[in-house]
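S.K.:
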Amino acid sequence: MGKLNGLEDKVAEIKARLEEAASEMGTSKEVYEGMKEFLDPKKGRISQLMKDMREVAPEDRAEFGKTVNALKTWAQDRFDTIGSEVKQQELMMRYRKEFVDVTLPSVSLKKGNLHPITQVREQLIDIFASMGFTIYEGSEIENDYYNFTALNTPQDHPARDMQDTFYLSPEFLLRTQTSSGQIHVMENEKPPIKILSPGKVFRSDDDATHSPMFSQMEGLVVDKHIALSDLQGMLDIFVQKIYGEGTRTRLRPSYFPFTEPSVEVDCSCFSCGGKGCRLCKGTGWIEVLGAGIVNRKVLENCGIDPDEYSGLAFGIGIERTAMLKYGINNIKLLFESDIDVLSQIDD
Ligand code: PHE
């Protein structure tokens, strides 16, 4: 047995077992389990050797202890080495698994965008909201009174022919203009009034620039001393924000039954700067909307005293604005839902 009670043999055996176990360790978890088996302070094989110390003569116990400690240090070193080798292997495996070939062409992600009509509608709302307008959304089905009569267009008025109306019944129709919203607002609110009324309108009309359903944005301001200059001031800001900084407006006399005077508003051609081009048909100007000073009769119809208050109104075609702004030459493109067309327009 020898003076150390067979310790040398046990040390050799533990070393051999440890090396054998080590040769099979492939993961950090296995290394950890192995360390527990050999080096656990209480139950580890090496600590267990200390039990045999009792059998050894007192003068040999120091050497016994030294031998066990040397084994402990050796085992710790082995596990350190094995541990770092296994970690390195694991890392390499991870690199291999997570390898990214940066030379591959990227997959293009399809990003959605808002429909151009929605984009223009939101831009218009932003512009006029910044001037203090609030939104009123009327209904698409109207009765004759709100769409025509209250807007100074009685049954036999020739101006009814200006808009080919879809009648649902002798009384009800699909609104032909958002101007009907003016009446609802003025019936329910007292001046000062400053509203914007966006929405769909319907007319029996169908060609490259007209669709039976389209959208308008009505503006109405009623207060004391409202004049055409107020209208032009607001519309100047509108055209500059939509068509570009240098854009100017020009008012031309026109006719709408519900405004007096009525104007057609042109803006200077943002394509040629006013010199004359295909877009403005050589005139330097592009027609953008109809507007005017609210007819006294319309104010009276809504119970507002025209001697005390005056108003301005304008109606912007949203599709028309989108077509001009984005160079779209056929209104159908805005209704066909062709993603290849619509995705090109993203402001
Ligand atoms: N409602 C008119 C149209 O549809 C536009 C307009 C609105 C004109 C407000 C004057 C004032 O043609």
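My numbering applies: residue 373 is where the sequence shown begins, and numbers increase by one.
All C-beta atoms, glycine included, are put in the ideal place defined by N, C-alpha and C.
Please state if the CB of leucine 696 and the CB of alanine 663 are separated by a distance shorter than 9 Å.
M.R.: Judged by their CB atoms, alanine 663 and leucine 696 are not nearer to each other than the 9 Å cut-off.
S.K.: By a C-beta neighbour count over all protein chains shown, 10 Å radius and 16 as the cutoff for buried, is arginine 426 buried or exposed?
M.R.: By the 10 Å Cβ count, arginine 426 comes out exposed.
S.K.: Using beta-carbon positions only, say whether aspartate 667 and asparagine 524 come within less than 9 Å of one another.
M.R.: For the record, residue 667 in the displayed sequence is asparagine; it is not aspartate. Yes, they are a contact pair.
S.K.: Taking only heavy atoms of ligand 1 into account, decide whether any of them is closer than 8 Å to the Cβ of valine 660.
M.R.: no
S.K.: Hey, how far is the Cα of lysine 613 from the Cα of lysine 483?
M.R.: 26 Å
S.K.: If the criterion is Cβ atoms closer than 9 Å, does the pair arginine 493 and threonine 537 meet it?
M.R.: No, Cβ-Cβ distance for arginine 493 and threonine 537 is not below 9 Å.
S.K.: By DSSP's criteria, aspartate 595 is part of a beta bridge. Which residues make up the other side?
M.R.: Beta-bridge annotation (DSSP): aspartate 595 is paired with Ser682.
S.K.: Quick one: is the Cβ of valine 573 within less than 8 Å of any heavy atom of ligand 1?
M.R.: yes
S.K.: Would you give the residue range spanned by the alpha helix (DSSP H) that tyrosine 517 belongs to?
M.R.: 516–519
S.K.: Short check: CB of proline 488 to CB of isoleucine 711, under 9 Å?
M.R.: no
S.K.: Using the Cβ count rule (16 or more neighbours within 10 Å means buried), how would you classify glutamine 554?
M.R.: Glutamine 554 is buried by the Cβ-count criterion.
S.K.: With H, G and I counted as helix, E and B as strand and the rest as coil, what does DSSP make of methionine 606?
M.R.: helix
S.K.: Beta-carbon within less than 7 Å of glycine 646's beta-carbon, same chain only, minus the 5 sequence neighbours each way: which residues are those?
M.R.: Ser640, Gly656
S.K.: Please tell me whether, using a cut-off of 8 Å, the distance from the CB of glutamate 663 to the nearest non-hydrogen atom of ligand 1 is below it.
M.R.: It should be pointed out that residue 663 corresponds to alanine in this sequence rather than to glutamate. Correct: alanine 663 has its Cβ closer than 8 Å to ligand 1.
S.K.: Using three-state DSSP, classify isoleucine 703 as helix, strand or coil.
M.R.: Isoleucine 703 falls in the helix class under three-state DSSP.
S.K.: Is the CB-CB distance between leucine 607 and valine 557 below 9 Å?
M.R.: no
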